[in-house]
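**Student:** Shown below is the structure under consideration.
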Amino acid sequence: MDARAELIDLLRENARYSVEDLARLSGLEESAVEETIAALERDGVLCGYQAVVDWRRVESESVRAFVELNVALDRETSYEDIARRLAKFDEIQSLRLVSGDYDFALDVEADSMGAVSRFVSERVAPVPEVTQTVTHYIMESYKERGIEFDDGYDDDRLSVTP
Amino acid sequence: MTGPSIAERVREVPPSGIRRFFELAEEMDDVISLGVGEPDFTAPWRAREKAIESLELGQTSYTANRGMKALREAIASHVEKWDLTYDPDDEILVTAGASEALDLTFRALVDPGDVVAVVQPSYVSYIPDVMFAGGTALPVPTRAEDDFVLTPEALADAGADRADMLVLCYPNNPTGATMTRDELARVAEFACEHDLTVISDEIYADLTYTRSHTSIASFDGMRDRTIVYNGFSKAYAMTGLRLGYALGPSNVIGAMNRIHQYTMLSAPTTPQYAAIEALESCDESVEEMRTQYDRRRKFVLSRFEDMGIDCFEATGAFYVFPECPWEDASAFAEALLEAEKVAMVPGSAFGECGAGHLRVSYATGLSDLRTAMDRLERFLD
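Residue numbers (the working numbering), protein chains in the order written: chain A, 279 to 440; chain B, 94 to 474.
Here it is, written out as structure tokens:
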């Protein structure tokens, strides 16, 4: 694995690794780690660093929903145009063009079910190209970005073994 | 009534050198143990799923004594990557862990008085197994100066040229040493010259970090005098499922099977289904675990270097074997355990030549490894 791939892999595993940790884990010099990460950020490969949160453990009123979106294109409008327009909304956490029965998959987050409903009906649905929305409220999350929630692990191995 | 008297060959085997240390560690809470020779990962999910499915289907009867044919075939394919070719019909035996395979070999091959050279530092079971079989163990020390690599000179110095058998384990527990093809070729030459049967424990063969594994059985003239061991405990994190295997000439495997069929009958069935799945579809999981071990290896070596603790670059298994900052590694390990609740195993547990070293396992999560290293650093200050 080259330095870029190794550091991407490590940061995807834990974006909070210090430069010192990254250097020790990869065998690179600290200066090389800093330079490579700076280059990855500059090139737009590393776009941000976020925490994966198990919201059940936090007193939070926020509501998340998964929204399917169908659109009708015309000669003047592309998927990109619609995506660019929708991506500006803060409520939309992720936006993807997908294959299958619908066109876009949205992750929407807002303070309440009412707020999510209003956002979908008043902001998303009225976009001229949008022909249909289907909203699925997320009731429980068990795994996110490869991390399984509540995956309690008790180390019951013998303390010392041959 | 004094009760039954224990057989002499059992009484002769001394208790484990780390027993006291082990008991001490068990009594304490919140110990970060770097003394564990066991993956902190769990077996790949696909393999576990297969085990569950086999139970759901009621596949709970004995298998063939030698192990399921499908598993033996999968093993034969798996070891081809190390240039090893074995006939699944009569050159492979599936056992309850590589430990059983090892015990069977000694019982099948050792006559009373036979001398078995054991390369040290070594896994603690080899010498007791030799003794249980009625043989005499001859320790062959390796040295930190040689990166714990076995040389013909070390073999000759120890008198192994007069031995009947030679036991080696590379990648090595406890040092983490591996051997290059050239280094092994010299040992193979020695074995052929002195007509030694070689017992090669290759349980860590999938866990090498700077070069791929070479099996001593792959050299000219070695296949017919070598019995190779491997299993699913380390690379597939299946320690508790107790499944291993031996590869060797049909007459030896046949003799081992003769004992196996009267004692174990067959290896447990459910793990055999899991093992077939592991071999056929879990390469990615093994690679992921190997990557994680490699990172931790680099991390630990780097921390030792910063602390001024000498440690050669271990390149296999999941251990490093640094020099102990104190002359008495047992005293050091106990003091570290009591003061900082970090368990490292004194090197002398693996043979006299391991004295003055510590075995540090990095089969532990990075966060605990970091804390353990911080505590060690504080202890040394």
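Positions of the beta carbon are idealized from the N, C-alpha and C atoms, including for glycine.
Does DSSP put Val129 (chain B) in a helix, in a strand, or in coil?
**Tutor:** coil
**Student:** Let me check understanding here. Comparing Cα to Cα, which of A:Ala350, A:Ala343, A:Asp389 lies closest to Glu337 (chain A)?
**Tutor:** Measuring from the Cα of Glu337 (chain A), the nearest candidate turns out to be A:Asp389.
**Student:** Below 8 angstroms on the Cβ atoms is my contact criterion, and I expect Val212 (chain B) with Leu231 (chain B) to pass it. Report the Cβ-Cβ distance as a whole number of Å.
**Tutor:** Contact doesn't hold; Cβ gap of about 10 angstroms is too wide.
**Student:** Using a Cβ-Cβ cut-off of less than 8 angstroms, list which residues of the segment 229 to 255 of chain B approach chain A; keep chain order.
**Tutor:** none
**Student:** Touching or not, the segment 424 to 442 of chain B and the segment 119 to 129 of chain B, by the rule of three or more beta carbon pairs under 8 angstroms?
**Tutor:** Remark: three or more beta-carbon pairs, one from each stretch, lie closer than 8 angstroms, so the segment 424 to 442 of chain B and the segment 119 to 129 of chain B are flagged as touching.
**Student:** Between B:Thr235, B:Tyr338, B:Asp313, which lies nearest to Gly269 (chain B) when the distance is taken from Cα to Cα?
**Tutor:** In terms of Cα proximity to Gly269 (chain B), the closest of B:Thr235, B:Tyr338, B:Asp313 is B:Thr235.
**Student:** On a CA-only basis, which of B:Thr457, B:Ala253, B:Gly337, B:Ser109 is nearest Tyr216 (chain B)? Give me that one, please.
**Tutor:** B:Ser109
**Student:** In whole angstroms, what is the alpha-carbon distance linking Ala424 (chain B) and Thr319 (chain B)?
**Tutor:** 39 angstroms
**Student:** Which residues share a DSSP beta bridge with Lys421 (chain A)?
**Tutor:** A:Glu426
**Student:** Of all the residues that make up the segment 432 to 452 of chain B, which are near chain A by a beta-carbon distance shorter than 7 angstroms?
**Tutor:** Residues are counted here when their Cβ sits less than 7 angstroms from a Cβ of chain A; for the segment 432 to 452 of chain B these are Ala436, Val438, given in chain order.
**Student:** For a contact defined as C-beta to C-beta under 7 angstroms, what are the partners of Arg290 (chain A) on chain B?
**Tutor:** None at all; the shortest Cβ gap to chain B is about 12 angstroms.
**Student:** Nearest to Leu177 (chain B) by alpha carbon, out of B:Asp183, B:Ala253, B:Thr273, B:Arg316?
**Tutor:** B:Arg316
**Student:** By the 8 angstroms beta-carbon criterion, what residues does the segment 393 to 405 of chain B contribute toward chain A?
**Tutor:** Ser395, Arg396
**Student:** Are the C-beta of Thr439 (chain A) and some C-beta of chain B separated by less than 9 angstroms?
**Tutor:** yes
**Student:** Residues of chain A with CB closer than 8 angstroms to the CB of Val212 (chain B), please, in chain order.
**Tutor:** Near Val212 (chain B) there are no residues of chain A at all, since even the closest Cβ is about 16 angstroms away, more than 8 angstroms.
**Student:** Is Arg435 (chain A) close to chain B, meaning its C-beta is less than 9 angstroms from at least one C-beta of that chain?
**Tutor:** yes
**Student:** Kindly confirm or deny that the segment 341 to 357 of chain B and the segment 180 to 194 of chain B touch, where touching means at least three C-beta pairs closer than 8 angstroms.
**Tutor:** yes
**Student:** In this structure, how does DSSP classify Asn344 (chain B) when only helix, strand and coil are distinguished?
**Tutor:** helix
**Student:** Please go through the same chain and pick out, in chain order, the residues whose beta-carbon is closer than 8 angstroms to the beta-carbon of Thr363 (chain B), but skip the five residues on each side of it.
**Tutor:** Ala144, Ser147, Leu148, Gln152, Thr153, Leu334
**Student:** By DSSP, does Val453 (chain B) sit in helix, in strand, or in coil?
**Tutor:** Here Val453 (chain B) sits in strand by DSSP.
**Student:** On a Cα-Cα basis, can you pick out the residue from B:Arg104, B:Phe114, B:Glu101 that is closest to Glu431 (chain B)?
**Tutor:** Comparing Cα-Cα distances from Glu431 (chain B) to each of B:Arg104, B:Phe114, B:Glu101, the minimum goes to B:Phe114.
**Student:** Could you list the residues in the segment 128 to 144 of chain B with a C-beta less than 8 angstroms from some C-beta on chain A, going in chain order?
**Tutor:** Gly128, Val129, Gly130, Glu131, Asp133
**Student:** Would Gln371 (chain A) be called buried (16 or more neighbouring beta carbons within 10 Å of its own) or exposed?
**Tutor:** exposed
**Student:** Taking Leu372 (chain B) and Ile168 (chain B) to be in contact with their CB atoms under 8 angstroms, please state how far apart those CB atoms are, rounded to whole angstroms.
**Tutor:** Beta-carbon to beta-carbon, Leu372 (chain B) and Ile168 (chain B) are separated by about 7 angstroms, close enough to satisfy the 8 angstroms threshold.
**Student:** Should Tyr302 (chain B) go down as buried or exposed, given a rule of 16 or more other Cβ atoms within 10 Å for buried?
**Tutor:** buried
**Student:** Mind checking Met391 (chain A): buried by the 16 CB within 10 Å criterion, or exposed?
**Tutor:** Counting Cβ neighbours within 10 Å, Met391 (chain A) comes out exposed, since fewer than 16 surround it.
**Student:** Is it the case that the Cβ atoms of Arg374 (chain A) and Phe382 (chain A) are separated by a distance below 9 angstroms?
**Tutor:** yes
**Student:** Ends of the beta strand (DSSP E) at Gln410 (chain A)?
**Tutor:** 408 to 415
**Student:** Does the structure place the segment 321 to 328 of chain A close enough to the segment 288 to 295 of chain A that three or more beta carbon pairs sit under 8 angstroms?
**Tutor:** yes
**Student:** Can you confirm whether Arg334 (chain A), when its beta carbon is compared against all beta carbons of chain B, has any partner nearer than 9 angstroms?
**Tutor:** no
**Student:** According to DSSP, is Arg374 (chain A) part of a helix, a strand, or is it coil?
**Tutor:** strand
**Student:** What is the DSSP secondary structure of Gln152 (chain B), counted as helix, strand or coil?
**Tutor:** coil
**Student:** Put Met258 (chain B) into one of helix, strand or coil per three-state DSSP.
**Tutor:** strand
**Student:** Once you ignore the five residues that flank Phe241 (chain B) on each side, which residues in its own chain have a CB closer than 6 angstroms to its CB?
**Tutor:** Cβ within range, chain order: Thr235, Thr268, Ala270.
**Student:** Report buried or exposed for Lys391 (chain B), applying the criterion of at least 16 other Cβ atoms within 10 angstroms of its Cβ.
**Tutor:** buried
**Student:** Any beta carbon of chain A sitting closer than 9 angstroms to that of Leu429 (chain B)?
**Tutor:** No, Leu429 (chain B) does not count as interfacial toward chain A.
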